[in-house]
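Have a look at the structure below, then the notes.
Residue numbers (our numbering): 20 to 75.
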């Protein structure tokens, strides 16, 4: 994997997290009950050998 970026937004049933590749394509996402859990889920993808992470 190359560079990725993530976004966290409020959702009706918790917090939505999404991870995008360099070209802006969605590569992963989900909904967690809290903002902290959403961020942890998104950031966890970067610990799997990803070189660069950025919050958007």
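Virtual Cβ for every residue (Gly too), placed ideally from N, Cα, C.
query, result
"Determine the contact status of residue 38 and residue 30, defining contact as a CB-CB distance below 8 Å.", "no"
"Residue range of the beta strand (DSSP E) that residue 51 falls in?", "45-51"
"By the DSSP assignment, the alpha helix (DSSP H) with residue 95 in it spans what residues?", "A question about residue 95 goes unanswered here, because the residues of the chain that appear run from 20 up to 75."
"Is the separation between the beta-carbon of residue 27 and that of residue 63 shorter than 8 Å?", "no"
"State the start and end residues of the unbroken beta strand (DSSP E) segment that holds residue 39.", "33-40"
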